[in-house]
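Residue numbering for the sequence shown follows full-length UniProt numbering, starting at 1 and increasing by one per position.
Below is one structure; the comments refer to it alone.
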Amino acid sequence: MACVVSWNCRGFRSKVCHIKDLIYEVHPVCIALQETYLKPADIAKIKRYSLVRKDNENESGRASGGVALLVSHDTPSSVVTLHTNLQAVAVRVMLSNLVTVCTLYLPPSTSVNDRDLDRLVDELPTPFIIIGDFNGHSPVWGSKNTNTRGRQIEEFVNTHSLCILNNGEDTYFHQRSRTFHSLDLALCTPSLAPYFNFRVGVDLRDSDHFPIFLDRVNVGSNDAQRPIRYLFHRADWTNFTLRALITRNMVEGENLNEVVNLVTKTIISAADASIPKSGLSFPKNRKPWWNKYCTDTNRDQRRAWNVFRRHPTSANQIAFQRAKSIARWARRKSERGHWIKFVSSINSSVTAKDMWENIRRACGIYPEKRISCLRKNGQEVRNISEMVDVLAEAFASICSASNYTEPFLTHKNRMERIKLRFQTTKHLSYNSDLTIFELHTALSVIKHTSPGPDEVTYSMLQHLSEHSLLNILYMFNRIWKEHVFPDCWKHAFIIPIPKPGKDPQDPLNCRPIALTSCMCKLFERIVNVRLVHILEKNEYISPFQSGFRKSRSTIDNLISLETDIRVAFLNRNHLVSIFFDIYKAYDRTWRYGIMKNLYDLGFRGNLPIFVQNFLKQRFFRVRLGNTFSNIFCQEEGVPQGCVLSVTLFVLAINPILSVIPQTVQKNLYVDDLHISCYARNMQLIERQLQTAINNIVEWSNKSGFTISAQKTIGIHFCKRPLHPDPELFLSGVPIRFQDNYKFLGLVFDKRLTFLPHIASLRKRCLRSLNILRTLSNTSWGADRSCLLRVYRSIIRSMIDYGSVVYGSARPSYLKRLDYVHHQALRLSLGAFRTSPIPSLYAEAFEPSLSSRRDKLSLSYYFRILSNDKHPLRGTLLNGNNNRLFNARPSCIPHFGLRMRNILPDTFHGVKVHTTDFCGHPPWMENSISYINPFGNFTKSDSNNSVLISLFNQHRQFYQSYQPVFTDGSKSLNHVGCAFFTNGHIISYKLHSFTSVFSSEITAVYFALKYIDEHEIRKSILYTDSMSLLESLLSSSTRNPLIKEVKDFYRHLLSKGARILFSWVPSHVGITGNELADKSAKSATEFLTRPLVYADVRSAVNQWCHCQWQEKWNMETNNKLHVIKPVLSYWVTKLNRRCDVVLTRLRIGHTRLTHKYLLFAESP
């Protein structure tokens, strides 16, 4: 049911029949009409609806414009009296609570005074909705351009912190030009934004405006059943660990399928006895912040009310009011605590949609996401047991082998007759037994996901005892060596999620989310690490593939394309790019092709046999609530929801890059393929690209992939618009060329101005500002730190993405994003729009976007330099075109030259330590021998004499081991490292960018070299850095210095040395540690060594902060500068009201002092 409908009807009396049709179709509570063309003497009535109207006549006495509100008699309502010159009327209606609905019409040819709009807002009781025809154009609500009225409305919305509910759809059809525009708007106060959805009708109904509908968010019914799940926050993990005991007898059974089922049954039985379960129905109060304390205080309030109602005495009234205030305080505390906990966990991967869903949950709104109806062969299917089978059939049809072309099926059948024999008698290290070290590493990096059909979760596996884990490892090794894949691990549950913006009744428009066994995924993770290590170590994966690889990202492909375009423009060449779309790439991957690639790469033994068994005979069932479909088979494609699937897909598509000629540039991010070629001769470009396209099509025909000719797009990058596009064909179909294309989230236009991308980005960010407006008007989400964190995670992350690429656009284009940045800071701080921009930056401790782009670009520049195998590294270091770029200042330089131009003098000559991302073989334990002589004694809780006594006892026990004390030091102008042993002190002075952590590692490394040179057989290295020891004990660190130390440590062990590591507390009087510390602080011999990327990045951040501080020091007339001369983060624990008041006072712009600027009055 639509709560509110708005329509510019272009004449009430002539559209009465259409208005009645609207009432019959959607039964609205309220209908807002514009341009009613009624005179005061005209009679207008609609049965069962009250009419509130304001008529308008022009100078000639004819009806012009006019607005009206139709309010249903079934809904309580009252008219709001307005004293305004605008064409507007308002009523208060009951929509679960009182809401003011105002219809407004702003004629296009009449200027609107800002004071009239401000006065209208002041007269409307909150919360309110303003809906109507505003006749303003702005990209914020979907228009392609901006006019004066649009800018006025933008300013009006920002001034009053209103939310725009429009979703970007067009609402107006201009008949003469046959174009669509967005003129009708729906504005509301922030508290109403989570409760309404905006949609546009599909029928003009004899007008030139579409009706728009505001629907209340459809809250899910509490009668619906949900799957039973474990309540882990109430789990008794001690009891679970004791009950879930996996013994050796369990895993030594002859039949491995029975063994896996027995282990699964044991874990589930322990979980049933130790972990409570949820019910089938949703809880009555579904607010996520509701807890037991809220329940108790709410119960006490009801009891006090019942007592007061029966005995209305003063004492009982006071008791009731006290209980009521306590309950209200408990709810607010719980709301605020829950939101702060949620906000502290968000990062840049959280989308605006996810944030809106969490806001709605906090308000107690759970939108209904169930699929209510499907369409099969033109008939509707509503029975849920039939719907799951319809969905399963659709998903099975996608991955069916019948989708392949006849030529490929013939090729497929011929190739699959050739058996791939992976058995071998050779000892290959990656086929060795799985180790407990690998199992612990896999358990430490997993992310908690929903369980598969066996109901075993990652949390259960993490809480198993060490004895149980050893026996599970024994079971894994049996599967590994006996080449048997358990049948229960081949099954998956599919949860269908409707794709946004598509027909929900089409089963193919649902995204299948697969849930597989967590125990199987744990096994897969161990195998996947081994497989990736071999592929990267032997460089089997092309360097032009950036997907799901360490130290690689989509930015690599974007920078590569932008660099080619800049160089082509510099040489006055054409550059033509083709962006391919592979249809259903994951679902139609040829499994035999994956195994053939593994076979050709030389894989033999346990690993490829496990992968082969993993891909065979995969089955799934679709689940809706507690209803399951029949079992269906997934014939082809990589299994959904599996850890190994991404790596296997990358392996399957990797050969496509080898068929592209060397004269054509290519890049691949998983399945997003892009090729380009530049030259002055367009015919040469056509020949080169057509050859590459033909090779790609030929390869895809032999590998089972299908290139979509309709979705494959080309762009002709050229500064001169008169040059025609080339003619290229994909399987005989001409490739369509466009002026711009969105590639990996960035819009490239043919002149590479990035203006379309900036416009699109600004539009998305401005719409996301509604989140901040909504939160800033709540009692639980208006904390400054929470608002700033939401901004940085949701909005600023969108601006940051690709900024190293589109940052080369004109400064005037980039300034369009500054408005978003400033508006977000004002909303977070509660500052007025008149506040000085430098003050906003300083108060929020948030730098300008230009400064942030420089920081991100320099960090990315050094990250590329830290990877000696990165394909862009040679481009950044290549200075062939520098002189030509300098001679042609109109040509924007490529990324490498831009970075060298802004690189500070202190960074020139800095060498970055290259990182070996392959690292140590994962099946070999990569740790150190560590002892702790102090036990549970800590430095903060123990006396120095006690610690020294414990250390002396330790030395007596290990007196045969030579002590080696290491230390690192960093001060404002000095960084040094040193080690002391047997009366010898060796110290070095390090680069000023070096961190304390790196200096500690350097001291340990040279201490190991000293042990090697002097052939010390037994030694103990003492360090006061616990973080260093934790990094040496960890297997996931990427620090190249840590790897250097570990490699040298293993070298010494292989020579028979016995080396232990130990922690000692600093500055407690331990002689060796004090001498090492003193020597590190006074080191004079400079040591030239490459810097690790983390230290360079930290130095870049510090340089950017210093640049910002220098600019702030020049703001001597700024009022905030007097209070806050040094830029730093201010922690505030005040409530929102007090914090906003203090912020405005510190900035110096308050309503009392700057009201004349806010309302455009004379001083």
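Every residue gets a Cβ at the ideal spot worked out from N, C-alpha and C, and that includes glycine.
Since the structure is predicted, the reported quantities are computational estimates derived from the model, not experimental observations.
What do you get for residue i, buried or exposed, if any count of 16 or more other CB atoms within 10 angstroms of its CB means buried?
i            : result
His233       : exposed
Asn56        : buried
Phe1086      : exposed
Ile758       : buried
Asp223       : Bear in mind that the predicted position of Asp223 carries a pLDDT of just 42, short of 50, making it too unreliable to give a figure here.
residue 1164 : Outside the modelled stretch of the chain, which goes from 1 to 1163, sits residue 1164, for which no answer is possible.
Ser325       : exposed
Arg810       : exposed
Sorted by chain position, which residues of the same chain lie with C-beta nearer than 6 Å to residue i's C-beta, five sequence neighbours on each side aside?
i            : result
Lys341       : none
Ala679       : Asn573, Ile685
Trp489       : Ser517, Cys520
Val733       : Ala709
Cys363       : Pro194
His1105      : none
Val670       : Gly547
Cys294       : Ala330, Arg331, Ser334
residue 1197 : No information on residue 1197 is available, as it lies outside the stretch 1 to 1163 that the chain covers here.
Gln956       : none
Take residue i and list the residues in its own chain whose beta-carbon comes closer than 7 Å to its own, dropping the five residues that flank it on each side.
i            : result
Tyr404       : Lys412, Gly704
Asn298       : Ala327
residue 1202 : Because the chain is modelled from 1 through 1163, residue 1202 falls outside the range shown and cannot be assessed.
Asn982       : Gln962
Taking DSSP's pairing of strands, which residues face residue i in a bridge?
i      : result
Val733 : Leu730
Glu57  : Ala63
Thr100 : Arg92, Phe128
Val381 : Leu374
Pro496 : Pro512
Gly641 : According to DSSP, Gly641 bridges with nothing at all.
Lys666 : Ile675
I want to see whether chain D comes within less than 8 Å of residue i, judged by CB atoms only; does it?
i      : result
Leu231 : Going by chain labels, chain D is absent from the structure shown, which holds only one protein chain.
Shorter than 7 Å, the distance from the beta carbon of residue i to the closest heavy atom of the ligand SAH, or not?
i       : result
Ser1036 : You won't find the ligand SAH in this model; it holds no ligand whatsoever.
List the whole-angstrom C-beta distance separating residue i from residue j, where the pair is believed to meet the contact cut-off of C-beta under 8 Å.
i       : j       : result
Leu1033 : Tyr930  : 6 Å
Ile902  : Asp854  : 6 Å
Thr126  : Thr189  : 5 Å
Ile495  : Leu515  : 7 Å
Gly66   : Arg53   : 7 Å
Tyr458  : Arg530  : With 8 Å as the limit, Tyr458 and Arg530 do not qualify as a contact, their Cβ atoms being about 20 Å apart.
Leu746  : Gly802  : 5 Å
Phe885  : Leu897  : 6 Å
Val71   : Val91   : 6 Å
Ile1059 : Ile1011 : 7 Å
Val93   : Thr81   : Actually they are not in contact, since the Cβ atoms of Val93 and Thr81 sit about 16 Å apart, beyond 8 Å.
Leu668  : Gln545  : 5 Å
Taking only three categories from DSSP, how would you classify residue i?
i       : result
Cys510  : strand
Lys353  : helix
Met1    : Note on Met1: pLDDT 48, under 50, position unreliable in the model; the coordinate value appears next. In the structure shown, Met1 sits in coil (DSSP, three-state: anything other than H, G, I, E or B).
Ser77   : strand
Phe1086 : strand
Thr264  : helix
Lys15   : helix
Phe993  : coil
Asn158  : helix
Asp800  : helix
Val659  : helix
Trp1103 : helix
Asn166  : coil
Ile541  : coil
Suppose the cutoff is 8 Å on Cβ atoms and the five residues either side in sequence are ignored; what does the same chain contact list for residue i look like?
i      : result
Ile153 : Phe134, Gly136, Ser138, Leu185
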